[in-house]
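> For the sequence shown, the numbering used here begins at 4 and goes up steadily by one. I'd like to ask you about the structure that follows.
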Amino acid sequence: MSELEAIRALVREKAGIISDINRQIWSYAEGGYAEYRSCEKLVSVLEAEGFSVRRGAAGIETAFIAEYGSGHPVIGITAEYDSLPGLSQQAGEAVKIPVEEGANGHGCGHSALSAGSAGAAVVIAAWLREKGISGTVRLFGTPAEESGFGKVFMAKAGCFDGVDAVFTWHPGDMNAVSFNRMTANLRIRYDFRGVAAHAAAAPDRGRSALDACELMNVGVNYLREHVPSSVRMHYAYLDCGGTAPNVVQDHASLLYIIRAPKLSTVSEVAARVDDVARGAALMSGTEVAIRKQGGMSDVIPNPSLCRVISECMQEAGGPEFTSGDYETAARFMNAIPEETRAKLIRDGAALNGISEEEFEKRPLNTAVRLMDESRRNFVVSASSDVGDLSYLVPTAQFNAAVCIPSTAVHTWQMTAQVGTGIGDRGAAWAALIIAMSCAKVFLDPSIAEKAKSELTEETRGEYVSPLPDDVTPDMFRNI
Ligand SMILES: [Zn+2]
């Protein structure tokens with residue numbers, strides 16, 4: 004039996020575990036740092052499969068490290084299991100019917116993410132056991148990916164020390180190696196304090212914090228022209244001072260997110276944004292308190308490990324969905340307006356090498372997109388807390404289809420599809436690809452050595468956490 008066949012057989016054997024995790028965690032739909040039941044579910048499955056588990060990693064209640072095996076290479080796999088507010092939706096329903104109005108939902112597909120990653124860990128542990136091969140697999144339970152910088156806190160606490168390589172994945176609408184970079188970012192809060200006054204009778208006595216916010220935003224909007232074009236700056240009002248126009252507002256606050264391809268660029272731009280805030284305070288006669296509230300490093304894709312994933316995808320082919328999965332998918336495809344649908348079907352047919360009629364009946368991507376070596380420096384403008392991990396350990400990621408083409412993450416349509424067999428099958432395929440990738444490195448540890456030298460060449464071993472010491476996970480619970 005080839006390694007591929009052996010691992011595929013193990014994935015089939017563990018498919019029930021993978022579906023069960025996906026469905027359970029989907030139903031819990033817990034927010035960041037509140038993933039108690041999700042965490043418990045994963046830990047209980049892993050312990051039953053012979054893993055030793057360290058709970059409360061990095062001092063975070065819903066983080067854990069599960070380990071199987073001994074010696075090097077030590078291969079890490081990450082599992083995310085937080086959901087998003089307001090994205091509750093019944094599984095399989097193509098019209099909006101929340102399970103509970105306003106409640107959380109797995110609109111980023113993290114129920115499947117954790118199921119696929121835990122499935123991969125369980126499969127590779129069984130494979131190590133069967134083959135009598137030495138090596139260690141470590142599953143990292145990494146909470147609060149969405150808004151809580153889970154992996155950044157874990158990186159700062161040294162959770163990833165001693166790991167030789169990391170494989171991970173993210174649910175999406177296609178099966179593709181993620182050989183691209185992602186941006187770094189910083190979140191900075193600006194609290195302005197002024198002097199309240201009657202806005203008509205004594206405006207001269209007032210110093211408006213709201214004016215300061217507006218002046219700051221105008222200043223930053225002028226600054227946009229004079230920063231590298233890859234920089235993104237977004238802001239939101241956390242506090243606009245109140246609802247009464249006849250009061251000079253003595254408090255108002257803004258939250259900025261600044262992104263760029265490298266954390267060093269983000270920091271340089273952030274220093275200039277801070278100056279704009281100080282200028283706005285000076286102009287309005289107010290005071291400003293500036294607090295860095297979080298951040299993450301850019302994602303560095305590891306060439307050697309991405310190549311391993313790509314080879315595994317080529318050998319294994321794409322995911323195998325059932326006729327029931329295709330029926331569900333067709334319902335979601337039919338809910339898309341005619342014009343868009345026609346184009347999606349045309350593109351889907353071309354990508355998967357089948358006729359349009361065929362793809363209309365089976366509208367899920369099963370084709371694989373292999374590694375495109377020319378994309379090493381391509382930067383996707385989104386960010387991920389995988390970035391901090393990718394500075395410390397050679398890391399590679401891919402996407403697996405858990406929904407019809409064009410379903411965006413962070414939507415109720417994603418919640419609805421990932422909670423069905425489509426999510427189960429996408430997770431099982433991700434488990435197969437990760438387990439095969441781990442097997443290749445266990446059988447040829449020189450891949451991990453080469454991956455490590457590629458990382459050192461890029462970072463020179465330098466990593467600076469974007470999180471200040473006074474920022475703690477508690478600040479991001481359930482947001
Ligand atoms: Zn996500």
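Here a beta-carbon is modelled for each residue, glycine too, at the ideal position from N, C-alpha and C.
Under 6 Å from any heavy atom of ligand 1, does the C-beta of Cys111 make it?
Cys111 Cβ: within cutoff of ligand 1.
> Hey, how far is the Cα of Glu452 from the Cα of Leu87?
Taking the straight line from one Cα to the other gives about 38 Å.
> Unbroken beta strand (DSSP E) runs of length 3 or more, entirely within the stretch 386-421: which are they?
With a minimum length of 3 residues, the continuous beta strand (DSSP E) runs that stay inside the stretch 386-421 are 398-404.
> Could you tell me if His229 is buried or exposed, where buried requires 16 or more neighbouring beta carbons within 10 angstroms of its beta carbon?
His229 comes out exposed.
> Let me confirm a value: Ile303 is counted as buried when at least 16 other C-beta atoms fall within 10 Å, else exposed. Which label applies?
Its Cβ being crowded by 16 or more others within 10 Å, Ile303 is buried.
> Span of the alpha helix (DSSP H) holding Met157?
From DSSP, the alpha helix (DSSP H) with Met157 extends over Gly153 to Lys159.
> On the three-pair Cβ rule with 8 Å, is the stretch 233-249 touching the stretch 172-180?
The stretch 233-249, when compared against the stretch 172-180, does not touch it at the 8 Å Cβ threshold.
> Would you list the one or two residues that DSSP bridges to His201?
According to DSSP, His201 bridges with Val250.
> Pick from Gln27, Thr418 and Ala430: whose alpha carbon is nearest that of Arg15?
The candidate whose alpha carbon is nearest that of Arg15 is Ala430.
> Going by CA-CA distance only, name the one from Val371, Ala370 and Ala352 that's closest to Phe362.
Taking only the C-alpha atoms, the option nearest Phe362 is Ala352.
> Is it the case that the Cβ atoms of Phe381 and Asn183 are separated by a distance below 7 Å?
Yes, they are a contact pair.
> Distance check for Tyr329 and Ser73, CA to CA, integer angstroms please.
Cα-Cα distance, rounded: 42 Å.
> Mind checking whether Met536 and Cys315 have CB atoms under 7 Å apart?
No answer is possible for residue 536: the residues shown for the chain start at 4 and end at 482.
> Just the Cα atoms here: how many angstroms apart are Leu7 and Val383?
Straight-line Cα distance between these residues: approximately 32 Å.
> Suppose you measure from the CA of Pro448 to the CA of Ile348; what does that come to, to the nearest Å?
For Pro448 and Ile348, the distance between alpha carbons rounds to 43 Å.
> With DSSP as the reference, label Val302 as helix, strand or coil.
DSSP places Val302 in strand when its eight states are reduced to three.
> What are the uninterrupted segments assigned as alpha helix (DSSP H) that are 4 or more residues long and contained completely in the stretch 22-57, given in chain order?
Complete alpha helix (DSSP H) runs here, min 4: 39-51.
> What residues match up with Asp242 in a beta bridge as DSSP calls it?
BP columns for Asp242 point to Ser256.
> Express the C-alpha separation of Gly110 and Ala419 in angstroms, rounding to a whole number.
Near 8 Å, if we compare the C-alpha coordinates of Gly110 and Ala419.
> From the DSSP output, which residues share a beta bridge with Asn183?
Paired residue(s): none; Asn183 is not in a bridge.
> Taking Ala69 and Val56 to be in contact with their CB atoms under 8 Å, please state how far apart those CB atoms are, rounded to whole angstroms.
5 Å between Cβ atoms; contact.
> For Ile407, count the other beta carbons within 10 Å of its own beta carbon; 16 or more makes it buried, fewer makes it exposed. Which is it?
Buried, since its Cβ has 16 or more Cβ neighbours within 10 Å.
> So Pro264 packs on Glu457, CB below 8 Å; how close in whole Å?
Actually they do not touch by this definition, with Cβ atoms about 18 Å apart.
> Would you say the stretch 214-230 touches the stretch 267-286, given that touching needs at least three Cβ pairs under 8 Å?
With a cut-off of 8 Å, the stretch 267-286 and the stretch 214-230 count as touching, because enough Cβ pairs lie within range.
> Which residues mark the beginning and the end of the beta strand (DSSP E) in which Leu142 is found?
Taken as a continuous stretch (DSSP letters only), the beta strand (DSSP E) holding Leu142 covers Gly138 to Gly144.
> DSSP state of Tyr511, grouped into three classes?
No information on residue 511 is available, as it lies outside the stretch 4 to 482 that the chain covers here.
> Once DSSP output is grouped into helix, strand and coil, what is the label at Phe195?
Strand.
> For Lys159, which residues in the same chain have their Cβ closer than 7 Å to its Cβ, ignoring the five residues on either side in sequence?
Excluding sequence neighbours, Lys159 sits near Ser468 and Leu470.
> For Asn249 and Ala215, which I take to be in contact (beta-carbon distance under 8 Å), what is that distance rounded to the nearest angstrom?
No, Asn249 and Ala215 are not in contact; Cβ-Cβ is about 19 Å, not under 8 Å.
> Alpha carbon to alpha carbon, how far is Leu49 from Ala168?
About 20 Å.
> Rounded to the nearest angstrom, what separates Ala66 and Met4 at their Cα positions?
Cα to Cα, Ala66 sits roughly 37 Å from Met4.
> How would you label Ala118, buried or exposed, when you count the other beta carbons within 10 angstroms and need 16 or more for buried?
Counting Cβ neighbours within 10 Å, Ala118 comes out buried, since at least 16 surround it.
> Which residues in the same chain have their Cβ closer than 7 Å to the Cβ of Gly53, if we skip the five residues on either side of it in sequence?
Once the five neighbours on either side are set aside, the close Cβ partners of Gly53 are Tyr71 and Ala128.
> Using only alpha-carbon positions, find the residue among Ile260, Met219 and Val251 that is nearest to Tyr238.
The shortest Cα separation from Tyr238 among Ile260, Met219 and Val251 belongs to Ile260.
> Let me check understanding here. Comparing Cα to Cα, which of Thr145, Gly244, His254 and Leu213 lies closest to Arg196?
Measuring from the Cα of Arg196, the nearest candidate turns out to be His254.
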